[in-house]
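> Residue numbers (the working numbering), protein chains in the order written: chain A, 36 to 526; chain B, 36 to 526.
Every residue, glycine too, gets a C-beta built ideally from N, C-alpha and C.
Note that the structure is a prediction, hence the values are computed from the model and not measured.
Please find one structure pasted underneath; my questions will follow.
There are 2 protein chains.
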Amino acid sequence: MHRSREGWHWTPGTGLQAGIPTIAVVEPSHMIRNPKDSLDVIVIGAGYTGLTAARDTSTAGLRTLLLEGRDRIGGRTWSSDIDGYPYEMGGTWVHWFQPHVYRELSRYGMKDQLVHSTDYSKKHNFFTFKTAAGTRNMSHEEEDALFARAIEKFVNVDGNLGRTIMPFPFNAYWNEDVFKYSNLSVAERIAQISHDLSSDERHAIEAFVLLCSGGTRENSAFLDFLRWWAAANYDYKTLLDTIIVFKLKCGQSGFARRFFEEALISGNLSYSFNAPVAAVDSSKGLVEVRTKDGQRFLAKKVICTAPLNVLENIEFNPPLDQAKREAAALKHVNQCVKVHAEVKDPEMRSWSGVTYPHNKLVIGVADGTTPAGKTHCVFFGCDANHMHADEDIDQTLGAIKEFGPMEVDRVVFHNWSKDEFAKGAWVWYRPGMEVQYLEALRRRQGSVLFANSDWAAGGWRSFIDGAIQSGTEAALTVRQELRPVSRTSHL
Amino acid sequence: MHRSREGWHWTPGTGLQAGIPTIAVVEPSHMIRNPKDSLDVIVIGAGYTGLTAARDTSTAGLRTLLLEGRDRIGGRTWSSDIDGYPYEMGGTWVHWFQPHVYRELSRYGMKDQLVHSTDYSKKHNFFTFKTAAGTRNMSHEEEDALFARAIEKFVNVDGNLGRTIMPFPFNAYWNEDVFKYSNLSVAERIAQISHDLSSDERHAIEAFVLLCSGGTRENSAFLDFLRWWAAANYDYKTLLDTIIVFKLKCGQSGFARRFFEEALISGNLSYSFNAPVAAVDSSKGLVEVRTKDGQRFLAKKVICTAPLNVLENIEFNPPLDQAKREAAALKHVNQCVKVHAEVKDPEMRSWSGVTYPHNKLVIGVADGTTPAGKTHCVFFGCDANHMHADEDIDQTLGAIKEFGPMEVDRVVFHNWSKDEFAKGAWVWYRPGMEVQYLEALRRRQGSVLFANSDWAAGGWRSFIDGAIQSGTEAALTVRQELRPVSRTSHL
Chain A
36 MHRSREGWHW TPGTGLQAGI PTIAVVEPSH MIRNPKDSLD VIVIGAGYTG LTAARDTSTA
96 GLRTLLLEGR DRIGGRTWSS DIDGYPYEMG GTWVHWFQPH VYRELSRYGM KDQLVHSTDY
156 SKKHNFFTFK TAAGTRNMSH EEEDALFARA IEKFVNVDGN LGRTIMPFPF NAYWNEDVFK
216 YSNLSVAERI AQISHDLSSD ERHAIEAFVL LCSGGTRENS AFLDFLRWWA AANYDYKTLL
276 DTIIVFKLKC GQSGFARRFF EEALISGNLS YSFNAPVAAV DSSKGLVEVR TKDGQRFLAK
336 KVICTAPLNV LENIEFNPPL DQAKREAAAL KHVNQCVKVH AEVKDPEMRS WSGVTYPHNK
396 LVIGVADGTT PAGKTHCVFF GCDANHMHAD EDIDQTLGAI KEFGPMEVDR VVFHNWSKDE
456 FAKGAWVWYR PGMEVQYLEA LRRRQGSVLF ANSDWAAGGW RSFIDGAIQS GTEAALTVRQ
516 ELRPVSRTSH L
Chain B
36 MHRSREGWHW TPGTGLQAGI PTIAVVEPSH MIRNPKDSLD VIVIGAGYTG LTAARDTSTA
96 GLRTLLLEGR DRIGGRTWSS DIDGYPYEMG GTWVHWFQPH VYRELSRYGM KDQLVHSTDY
156 SKKHNFFTFK TAAGTRNMSH EEEDALFARA IEKFVNVDGN LGRTIMPFPF NAYWNEDVFK
216 YSNLSVAERI AQISHDLSSD ERHAIEAFVL LCSGGTRENS AFLDFLRWWA AANYDYKTLL
276 DTIIVFKLKC GQSGFARRFF EEALISGNLS YSFNAPVAAV DSSKGLVEVR TKDGQRFLAK
336 KVICTAPLNV LENIEFNPPL DQAKREAAAL KHVNQCVKVH AEVKDPEMRS WSGVTYPHNK
396 LVIGVADGTT PAGKTHCVFF GCDANHMHAD EDIDQTLGAI KEFGPMEVDR VVFHNWSKDE
456 FAKGAWVWYR PGMEVQYLEA LRRRQGSVLF ANSDWAAGGW RSFIDGAIQS GTEAALTVRQ
516 ELRPVSRTSH L
């Protein structure tokens, strides 16, 4: 078991410590099979996008180099291995309605790895709703009814729960009327329906949508939420099922390793971790990629998977086009705070709660039972009332305990806002930003392709699914361009 | 444009003629790139399973031979090209909730190809319900309400609409209580709930389930329906959306060609159409595949994609194991009759109907508008009250007109029951058969792998999705076995 330098781990005994054991760390951290100037493709970044791209190019016989700034695979998705238990530091939940991720789970024979985050069989089987209007507990049925009612009002721009305005989640602009909503913020959408909202419903919408966007009501686009809703079949229960119910027993890093191992076994993969990329020069024949420590590699193609919020940290020559530079400078809004707590009472396993808007953490849900038999709860905050969980651990513990009395034996988290290779969590656009920049972000520049869930084509953009989709697409393009068309084809 | 010898085409002017133009026919029909004894893998069958397998092995650098008995790709799924219009002769509808098929659609950039079969904007916007209890028209809302209510009673074995008994459609035996239903027939399930069914509801269940199974009430397993229902999120509207609403503008053959062309471009694919396989001999070192016309090919591995109902037509040495032979002799029950009609009145575009149990066709739905501006309707029959649509075209026309007054200008169909390479449509097991034989059907025998949607692992077994899943899985196994594990792997 290796330890990543990333993530934070607190127990009453040890206090707050940097670094977490995880199967996501690869040793040895460098393995260069091919001369530095004989590569077909360099993939920058070993998140799911880069892992998928590198796997698909290497298994197709292309000499592939994977460069990663971190000491581990997975990017914004990785899991701990603390006493064998996978706390998910970032991306977590998957569903068979997410075609790209589920195709991979089924391909790797992992259907038995799916487990429920929810378990309503324990004693503390209720939902705590703590808002400006007071605190009360309700049943999960009441919770679901409240949130479903509220969210349906929020998305119902067409009197058909969004089905008319966005009938194809993977083709979101199919009905061009959807552009009427491209500049709408979450705050503005709430204002449109505020006459029809109870105090509970308004708090429910705000807490839920901020859990999704990681931003503020003002800077979060309504359109992203509409797409999530459409992808989840215009149904609150299905939305929950697809975004926060089913996770992997082996942890996301157990899944990510499958991609990496398959690539490795192809015999065509070289890789280097702890190798952040400084510059990409495609002004000459081959593309040159230079790492911060001065290594230079040449390849026919480059697939850059750096996320939007750190894209400007790489120097491109020729420079990124104007639109990409604008989007990279604007950045997306998701500054999600995700904090895991191991809570002594095993009966908390059936609990969930909202504390909003006064608390630094907005939503909490029981997420598992740890090897010690305690309850694993996970809490989410956002850019509204943001905190850096590592800067003041007492404040972090206080925000957890604001949800109710809990004896916290362990806290685990990753500060994505400070993360130099992410500067945020999954993508959530500002109002207007998606329609203005998405196409530009997807555009290649010569031999450099840009792939990331942040601008994936599909309904599950910002999800692991979008990452795999984007990596798949980039690898296919590269393969088609680097393999000559068969001369015997008669089609 | 080439013409397949398969399918039937009738117009008032021409009468009934064999053969249909289609882009599924490949010319030249043979292309052998590699010596017959230097193959890595032979894929038997060019349906979606075989196309996926051959694509994945050939693009991974394995010398692949695809052998197909027909003159075309697609197996049980192919589309006409009559005046550029794709009548779907078999498999038709897809959805983004079907992970394997949608991953491929998105990978090939085909999201714009999805079109709605339904269009409720025209004048004849109603549902005809013609049963033993009489005939009446209702609105599509009334139709959906009736079918939803009836089907929910049918599947509700656990008081939770199937969610408890089958929480993971891709892992159908996760809750072992499901085995209680493994021997149940559709007729027996209806008997269990008959006290709670109106005459309308009973007719609705029978017509709908027989549309799905293609069998009879007595020989169709309840368990298959429960899996479809679970895969469609335990919801009637979603079930419709996933099985009969979204199809491809370019026709299924336009999609299937993408797989074939990608394989061809790899430079590693040889193929031979009109080359039915007679025998597979894996008793020696390499596997020998012999075609009916006496050609012999040798390969390290064979992926046999022959469907269940024709598996016994290939001679295996060593012979198929006992369980496979039993299952192949029993056969599955689906003898679906699918007949397309081009109907003069364009206002029929919004129509649907059921005629049951007296008619040879059970369900009809408007499915498109033809290039001539007429309505394309598609009709389904099953093994109960079965007909061979080609044997008595007047009977076929009569069965169509039993749904209501229609001026029929064209009829197009494929007789799957007589098809020597299918002997039926998509898989639907007999009661007890799935649990008894599924595992055995999935089992390899030495270097011979068996892949088909008929025994795919997933929730969409019997769909195009299951075919792609099964082909993906077989190709991955072959690739892993034929490529040596990298010695530099340190994982």
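Give the single residue among B:Lys146, B:Asp179, B:Val150 whose Cα lies nearest to the Cα of Phe162 (chain B).
Taking the second sequence and counting its residues from 1, the one referred to as residue 162 (chain B) is at position 127. When only C-alpha atoms are compared, the closest one is B:Asp179.
> Mind checking if Lys146 (chain A) is an interface residue toward chain D, Cβ cutoff 8 angstroms exclusive?
Any reference to chain D falls outside this structure, whose protein chains are A and B.
> Check whether the region 369-376 of chain A touches the region 459-473 of chain A, taking contact to mean three or more Cβ pairs, one atom from each stretch, closer than 8 angstroms.
Verdict: yes, contact present.
> If you draw a straight line from the alpha carbon of Trp263 (chain A) to that of Gln227 (chain A), how long is it in whole angstroms?
Counting from one through the first sequence, the residue named residue 263 (chain A) turns up at place 228. Counting from one through the first sequence, the residue named residue 227 (chain A) turns up at place 192. Taking the straight line joining both Cα atoms gives about 20 angstroms.
> Under 8 angstroms, with one C-beta from each stretch per pair, do the region 96-109 of chain A and the region 71-80 of chain A reach the 3-pair mark?
yes
> Quick one: which unbroken beta strand (DSSP E) runs of 3-plus residues sit fully inside the region 110-181 of chain B? Chain order, please.
149-151, 162-166, 169-173
> Return the residue from the list A:Gly48, A:Asp193, A:Ser93, A:His37 that minimises the CA-CA distance to Arg518 (chain B).
Here residue 518 (chain B) refers to the residue found at position 483 of the second sequence. When each option's Cα is compared against that of Arg518 (chain B), the closest is A:Ser93.
> Look up Thr512 (chain B) in the DSSP assignment and say whether it is helix, strand or coil.
By one-based count along the second sequence, residue 512 (chain B) stands at place 477. Residue state, collapsed to three classes: helix.
> Taking DSSP as the reference, what is the three-state secondary structure of Arg325 (chain A)?
As a working mapping, residue 325 (chain A) is identified with position 290 in the first sequence. Residue state, collapsed to three classes: strand.
> Is the number of C-beta pairs between the region 145-159 of chain B and the region 298-316 of chain B that are closer than 8 angstroms three or more?
no
> So, for Leu232 (chain B): in the same chain, excluding its five sequence neighbours on each side, which residues have a beta-carbon less than 8 angstroms away from its beta-carbon?
As a first step, residue 232 (chain B) must be located in the second sequence, where it is residue number 197. Around Leu232 (chain B): Ala185, Lys188, Ile225, Ile240.
> Taking the alpha carbon of Ser169 (chain A) as the reference point, which residue from A:Met422, A:Arg465, A:Pro392 has its own alpha carbon closest?
By one-based count along the first sequence, residue 169 (chain A) stands at place 134. Sequence inspection shows Gly at residue 169 (chain A); the Ser mentioned does not correspond to that position. Among A:Met422, A:Arg465, A:Pro392, the Cα nearest to that of Gly169 (chain A) belongs to A:Pro392.
> Along chain A, in chain order, which residues have C-beta atoms closer than 9 angstroms to that of Pro121 (chain B)?
As a working note, residue 121 (chain B) is residue 86 in the second sequence. Per Cβ cutoff of 9 angstroms: no residues; Pro121 (chain B) is ~18 angstroms from chain A at best.
> The region 86-99 of chain B: which residues have C-beta closer than 8 angstroms to a C-beta of chain A, in chain order?
Taking 8 angstroms as the upper bound on Cβ-Cβ separation, chain A lies near residues Thr94, Ala95, Gly96 of the region 86-99 of chain B.
> Distance, Cα to Cα, Met201 (chain B) vs Asp212 (chain B)?
Within the second sequence, residue 201 (chain B) is the residue found at index 166, counting from 1. Within the second sequence, residue 212 (chain B) is the residue found at index 177, counting from 1. Distance between the alpha carbons of Met201 (chain B) and Asp212 (chain B) is about 9 angstroms.
> Please report how far the alpha carbon of Lys327 (chain A) lies from the alpha carbon of Ser488 (chain A), in whole angstroms.
Looking up residue 327 (chain A) in the first sequence gives position 292. Looking up residue 488 (chain A) in the first sequence gives position 453. So the alpha carbons of these two residues sit roughly 25 angstroms apart.
> Please state whether the Cβ-Cβ distance between Lys157 (chain A) and Glu382 (chain A) is less than 8 angstroms.
Looking up residue 157 (chain A) in the first sequence gives position 122. Looking up residue 382 (chain A) in the first sequence gives position 347. Yes.
> Give the secondary structure of Asp259 (chain A) by DSSP, where H, G and I count as helix, E and B as strand, and everything else as coil.
Sequence index remark: in the first sequence, residue 259 (chain A) carries index 224 (1-based). Here Asp259 (chain A) sits in helix by DSSP.
> What would DSSP say about Asn352 (chain B), mapped onto helix, strand or coil?
Position 317 of the second sequence, counting from 1, holds the residue named residue 352 (chain B). It is a strand residue.
> Would you mind telling me which residues of chain B sit closer than 9 angstroms to His135 (chain A), beta carbon to beta carbon, in chain order?
Translated into the one-based positions of the first sequence, residue 135 (chain A) becomes position 100. Chain B residues near His135 (chain A): Pro134, Tyr137, Arg138, Ser141, Arg142.
> Residues in the same chain with beta-carbon distance under 8 angstroms from Glu469 (chain B), minus the five sequence neighbours each way, listed in chain order, please.
As a position in the second sequence, residue 469 (chain B) is number 434, starting the count at 1. Excluding positions up to five away in sequence, the list reads Ser217, Ala256, Leu258, Asp259.
> Classify Leu74 (chain A) as helix, strand or coil using the three-state DSSP reduction.
By 1-based counting over the first sequence, the position of residue 74 (chain A) is 39. Strand, per DSSP.
> What are the boundary residues of the beta strand (DSSP E) that includes Ile35 (chain A)?
Nothing in the structure corresponds to residue 35 (chain A), since chain A is present only between 36 and 526.
> In this structure, how does DSSP classify Trp209 (chain B) when only helix, strand and coil are distinguished?
Counted from its first residue, the second sequence places residue 209 (chain B) at position 174. Here Trp209 (chain B) sits in coil by DSSP.
> Taking only the alpha-carbon atoms, compute the straight-line gap between Pro121 (chain A) and Phe448 (chain A) and give it to the nearest angstrom.
By one-based count along the first sequence, residue 121 (chain A) stands at place 86. By one-based count along the first sequence, residue 448 (chain A) stands at place 413. Approximately 12 angstroms between the Cα atoms of the pair.
> If the cut is a Cβ gap below 8 angstroms, which residues of chain B does Gln287 (chain A) touch?
Here the question's residue 287 (chain A) lines up with position 252 in the first sequence. Those do not exist, as Gln287 (chain A) stays about 17 angstroms from chain B at its closest Cβ, beyond 8 angstroms.
> Is it the case that the Cβ atoms of Leu511 (chain B) and Arg90 (chain A) are separated by a distance below 8 angstroms?
Taking the second sequence and counting its residues from 1, the one referred to as residue 511 (chain B) is at position 476. Taking the first sequence and counting its residues from 1, the one referred to as residue 90 (chain A) is at position 55. No, Cβ-Cβ distance for Leu511 (chain B) and Arg90 (chain A) is not below 8 angstroms.
> If you pair each beta-carbon of the region 129-139 of chain A with each one of the region 479-498 of chain A, do three or more pairs fall below 8 angstroms?
yes
> Which ranges would you report for the beta strand (DSSP E) in the region 220-290 of chain A if only whole runs of at least 3 residues count?
281-283
> As a quick exercise: from B:Val221, B:Phe203, B:Val192, B:Ser229, pick the residue whose alpha carbon is nearest that of Ala267 (chain B).
Your numbering for residue 267 (chain B) matches position 232 in the second sequence. Nearest C-alpha to Ala267 (chain B): B:Phe203.
> Please state whether DSSP places Leu304 (chain A) in a helix, a strand or coil.
As a working mapping, residue 304 (chain A) is identified with position 269 in the first sequence. It is a strand residue.
> For Ser488 (chain B), decide whether its Cβ has a neighbour in chain A, counting only Cβ atoms nearer than 8 angstroms.
As a position in the second sequence, residue 488 (chain B) is number 453, starting the count at 1. No, no contact with chain A.
> Excluding sequence positions up to five away, which residues of its chain have a Cβ less than 7 angstroms from the Cβ of Val520 (chain B)?
Here residue 520 (chain B) refers to the residue found at position 485 of the second sequence. Caution applies to Val520 (chain B), whose pLDDT of 45 falls short of 50 and renders its modelled position unreliable; the model cannot decide the point.
> Using DSSP with H/G/I as helix, E/B as strand and the rest coil, what is Ser521 (chain A)?
Along the first sequence, one-based indexing puts residue 521 (chain A) at 486. Because the pLDDT at Ser521 (chain A) is just 42, under 50, the model does not fix this residue reliably, and the point stays unresolved.
> Of the residues B:Arg496, B:Leu304, B:Ala475, which one's Cα is nearest the Cα of Leu101 (chain B)?
For the purposes of this step, residue 101 (chain B) is identified with residue 66 of the second sequence, where counting begins at 1. It is B:Leu304 whose Cα lies nearest to the Cα of Leu101 (chain B).
> Within a Cβ cutoff of 7 angstroms, which residues of the same chain sit near Trp131 (chain A), ignoring the five residues on either side of it in sequence?
Working through the first sequence from its first residue, we reach residue 131 (chain A) at position 96. Taken in chain order, the residues that qualify are Tyr137.
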